[in-house]
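2 protein chains.
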Amino acid sequence: MKTIVAKFGGSSLSDGSHFIKVKNIIDADPDRRIIVASAPGKRFPEDIKVTDMLLDVYEKAISGGDFDPVLEAIKGRFRDIIIELNIDFPLSQEFDILREKIVNNPNRDYIASRGEYFNSRILAEYLGYTFVDPEWCVCFDEEGVPDDAMTRRAMRAALRPLKNAVVAGFYGADGSGRIHTLPRGGSDVTGSLAACAVNADLYENWTDVSGLLAADPNIVENPRSVEYLSFRELRTLSYMGASVLHTDAVLPASESGVSINIRNTEHPEDRGTTIVKKLPDGEKKYPVVGVAGRTGMSVIQIEKVMVSDGSGFSADILDILSRRNLPFEQCLTGIDTVTLVIRSDLLSGCRDDLLGEINDSLNPDYIGVTENLSMIAVVGERGTDSSDANVRVLQTLADNDIEISTVNQGAGKLNLLIGVPDEKYEEAVRAIYKTIEEEYSS
Amino acid sequence: MKTIVAKFGGSSLSDGSHFIKVKNIIDADPDRRIIVASAPGKRFPEDIKVTDMLLDVYEKAISGGDFDPVLEAIKGRFRDIIIELNIDFPLSQEFDILREKIVNNPNRDYIASRGEYFNSRILAEYLGYTFVDPEWCVCFDEEGVPDDAMTRRAMRAALRPLKNAVVAGFYGADGSGRIHTLPRGGSDVTGSLAACAVNADLYENWTDVSGLLAADPNIVENPRSVEYLSFRELRTLSYMGASVLHTDAVLPASESGVSINIRNTEHPEDRGTTIVKKLPDGEKKYPVVGVAGRTGMSVIQIEKVMVSDGSGFSADILDILSRRNLPFEQCLTGIDTVTLVIRSDLLSGCRDDLLGEINDSLNPDYIGVTENLSMIAVVGERGTDSSDANVRVLQTLADNDIEISTVNQGAGKLNLLIGVPDEKYEEAVRAIYKTIEEEYSS
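Protein sequences appear in the order of chains A and B. For reference, each letter of the first sequence is one residue, going 1 to 442 in my numbering. For reference, each letter of the second sequence is one residue, going 1001 to 1442 in my numbering.
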């Protein structure tokens, strides 16, 4: 028997009708044995997520405000779900316990975690699955830092004996039983850790989009969703601003080689995006999976004759940035030149200071800054046919008279990074996307 | 009146018939007022340069060997020139002085410098120009290190009062009068220093080729010579192995803004190559001036998730190389990746050691080495039309199924650096050259 770990996000579990959709999805594949649930999300754009309501309760409680109306509203949301699903749940009893804790011992993370706790218990009851409280198996140290190794052991211990289970997302506890929430990535991380712990065949991440898009839908009209991409490609798209899973949620699965399938609860018939270590047999993957980018970049160009003969020069420059805690996006050293790409918002405060320090300590022949550039990543692990894809992309920009400031393709061949003026950014993304699409359809 | 400083290399002054050619060249333009002369070079491929013969004399002298036959042969070469030119020169007297020094106080640099000394005195006599001994105006400190600032003052003092002059190349002296030869670049440096000292309108460097070639003639059949190029382009071509003036000879002219014209003594009608700070009005310069490259490179690819978020990672890598005195040719940091291009001969001795150190201290997710790569520089300060030229070059490689390992174009837009497999290097250079040429002729 295979094991699929299926995580459902807040929008997928926002009300009773969504619980019904989720049950249909789970019942459609008996391999979906381990379910990870979020707290109820928004039911409509102006709605408030239950977790945000819980944080409001906490703020009111510690400042001596009246939190009961908000707590009642939260209780009402769960009551609606229970009634619509027609299940037994000791709602009043549970909310009495919660209220007592809020009054006597208000712990922010504990209160914030109750949305996942209630939602998961209700889902377990509705599905007839065993509820697994992450209080026992998502482990933190006494400082509240997640302990991944211990979590893996405890999760395995908790889940292996069970035929099926619902695990609450987002939180865990330290050795003394104190609740902590995950610092980044929330329930996506819980799902990823569970998938690793049980050596899942697949980690499904159910949300409200049909996977990752090949371009920003605010720039490109109706971009296609990406069918397969590698963990490295995902990381690049994510870094360049594509909204996807947080690194903390991807890393455990990536390290264990568990594929992640991003699916749409509203359209379970869509195949979504699968992030794979290795492409399944018979599936075709295209050399370029997507295009993403970041505006508001500055480029510092430093020239000094004989840089390449004494490469300590570049090391000295990076060292200056490092001591200032000034991160850079790219560094390209050529013959006699060093090009640094730095976010303009980070550079603006220290620009003159930095240039002065580089001038004083390294005495370059030339130093100049170009502002208002965008960096575009054409993402795809292209292997040997990279040349063709690169050429088509650069040709497209040339055809559109878009000036290229920098071109960077490292040996990994993961992405081609191209600098263009900010005012040409959207035009460039559209042109590149069109080129990629022509490749797909050919 | 304008001032041209004209330096003639050893092959241009190898025998009497060449002296006649040189006089014709000088007489053809009255602006050619300051002449810098080398020692007699080879008259035919198996011939020995006079400077090499002088060094042979020195070696024999200090090891107690019989140096007189070689010294006589050197004297014979100058005697042939004097006879052919039919001029007065106290040859026996001068060689008696030289022989006495060799016997009593053999100073290597002094002996090595006498080729320039005799040749320049003979040329001055033949032209009717004043002979200027660099012993007085090319200055070294007591450690034998050239003192450029003092040289500029002394050269200016020596040359300004003169209508015309012949300066011996290659050597100078320290404050106590001890002769030192220039460590690199020889007479080319003397010419460059002289051109700066007199604020020359042009520095002509007369040699045996009609300028710089746009590609290696061992790879490309009959490559065109480059008409104009910038100092930065020259530096790149030189770095990539094109045989041109040494950096030490270019830097003074570059800093003073004096253009350098490389000319062919055998074909004075050829315009040669002019290295300019600014292109003369009405002259067209092409976006790509040439292609050059280096084989035997290795590429180290290092991956670590979140490299870009903590750019100290790249600084740490460069620091490791710096502490090992291991120079790199290029460094490209992308998203999560660092690509280093290092000469294979430098890497081979410390490869496992280096990878081990990077692994131990930086714990990357992946580290790999690709050997047997060549780096090709497509050289040209292209400004805004770089995209077109880049595209054509990359398209050419794609059309020829040449796999590209790295692409690097920094903000300076001076060159596009491309990595290709060693076994495809010559094919790639030929293909790129053909593409450049089509651009020229269109």
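Glycine included, each C-beta is placed from N, C-alpha and C at the ideal position.
query	result
Quick check: what's the CA-CA separation for glycine 1172(B) versus glutamate 1135(B)?	4 Å
Hey, does threonine 384(A) have any beta-carbon neighbour from chain B nearer than 8 Å?	Residue placement at threonine 384(A) is poorly supported in this model, since its pLDDT is 48, which falls under 50; the coordinates still yield a value, given next. So yes, threonine 384(A) belongs to the interface.
Taking only three categories from DSSP, how would you classify glycine 293(A)?	strand
Along the alpha helix (DSSP H) that carries histidine 1018(B), what are the first and last residues, could you check?	1016-1028
Are the C-beta atoms of glutamate 1371(B) and some chain A residue less than 8 Å apart?	no
Does the distance from the CB of threonine 337(A) to the CB of isoleucine 302(A) come in under 8 Å?	yes
Looking only at its chain, what residues have a beta carbon closer than 7 Å to the beta carbon of threonine 51(A), apart from the 5 residues adjacent to it on each side?	Ala39, Ala112 and Gly115
Note down, one range per segment and in chain order, each alpha helix (DSSP H) of at least 4 residues found wholly within the region 57-145 of chain A.	68-85, 91-104 and 108-127
Taking alanine 1253(B) as the reference, give the member of Asn1205(B), Arg1032(B), His1267(B) and Asp1056(B) with the closest Cα.	Asn1205(B)
According to DSSP, is glutamate 439(A) helix, strand or coil?	helix
Return the residues of the region 406-417 of chain A that lie within a Cβ-Cβ distance of less than 9 Å from chain B, sorted by chain order.	Thr406, Val407, Asn408, Gln409, Gly410, Ala411, Gly412, Lys413, Leu414, Asn415, Leu416 and Leu417
Three-state secondary structure (DSSP) at cysteine 196(A)?	helix
CB-CB under 6 Å to glutamate 84(A), same chain, minus the five flanking residues each way: which ones, in chain order?	Gly16
Mapping the DSSP letters down to three states, classify lysine 1007(B) as helix, strand or coil.	strand
Using the rule of at least 16 other Cβ atoms within 10 Å of the residue's Cβ for burial, across every protein chain shown, is glutamine 1093(B) buried or exposed?	exposed
Compute the Euclidean distance between the alpha carbons of proline 30(A) and valine 198(A), then round it to the nearest angstrom.	16 Å
Within 10 angstroms of the Cβ of methionine 1(A), are there 16 or more other Cβ atoms? Answer buried if so, exposed if not.	exposed
Measuring alpha carbon to alpha carbon, tell me which of Val1138(B), Arg1235(B), Ala1124(B) and Arg1323(B) ends up nearest asparagine 1445(B).	Residue 1445(B) lies beyond the stretch modelled for chain B, which goes from 1001 to 1442, so this question has no answer here.
Taking the straight line between their C-alpha atoms, what separation do you get for glutamate 233(A) and glycine 380(A)?	6 Å
With respect to the beta strand (DSSP E) encompassing threonine 1236(B), which residues constitute its N-terminal and C-terminal limits?	Where threonine 1236(B) is concerned, there is no enclosing beta strand (DSSP E), although the alpha helix (DSSP H) it sits in stretches over 1231-1239.
Scan the region 313-335 of chain A for residues whose Cβ lies nearer than 7 Å to a Cβ of chain B and list them as they occur along the chain.	Ser314, Ala315, Leu318, Asp319, Leu321, Ser322, Pro327, Phe328, Glu329, Gln330, Cys331, Leu332, Thr333, Gly334 and Ile335
If I'm right that arginine 99(A) touches leucine 71(A) with Cβ under 8 Å, what's the distance once you round it to whole angstroms?	7 Å
Compare the beta carbon distance of valine 305(A) and threonine 406(A) with 8 Å and say whether it is the shorter of the two.	no
Give me, in chain order, the residues of the same chain whose beta-carbon lies closer than 8 Å to that of serine 1314(B); leave out the 5 immediate sequence neighbours on both sides.	Val1307, Cys1331, Thr1333 and Val1338
Expressed to the nearest angstrom, what Euclidean distance is found between the alpha-carbon atoms of threonine 1384(B) and alanine 431(A)?	Because threonine 1384(B) carries a pLDDT of 49, less than 50, the predicted location of this residue cannot be relied on, and no value is offered for it.
Which class does threonine 247(A) belong to by DSSP, given the choice of helix, strand or coil?	helix
What is the DSSP secondary structure of threonine 384(A), reduced to helix, strand or coil?	Because the pLDDT at threonine 384(A) is just 48, under 50, the model does not fix this residue reliably, and the point stays unresolved.
Please state the DSSP three-state secondary structure of arginine 1(A).	As written in the sequence, residue 1(A) is methionine, which differs from the arginine given in the question. Of the three classes helix, strand and coil, the one that applies to methionine 1(A) here is coil, per DSSP.
Could you list which residues in chain B have their beta carbon closer than 9 Å to that of leucine 245(A), in chain order?	The premise fails here: leucine 245(A) is roughly 13 Å from chain B at the closest Cβ pair, so nothing lies under 9 Å.
Could you spell out where the beta strand (DSSP E) holding alanine 1157(B) opens and where it closes?	No beta strand (DSSP E) contains alanine 1157(B), which is instead part of the alpha helix (DSSP H) from 1148-1159.
Mapping DSSP to helix, strand and coil, what is proline 252(A)?	helix
Mapping DSSP to helix, strand and coil, what is glutamate 487(A)?	Since the first and last residues shown for chain A are 1 and 442, residue 487(A) lies out of range.
I want to see whether chain B comes within less than 8 Å of alanine 398(A), judged by CB atoms only; does it?	yes
Would you decide whether isoleucine 44(A) is buried or exposed? Buried here means 16 or more other CB atoms lie within 10 Å of its CB.	It should be noted that the sequence gives phenylalanine, not isoleucine, for residue 44(A). Result: exposed.
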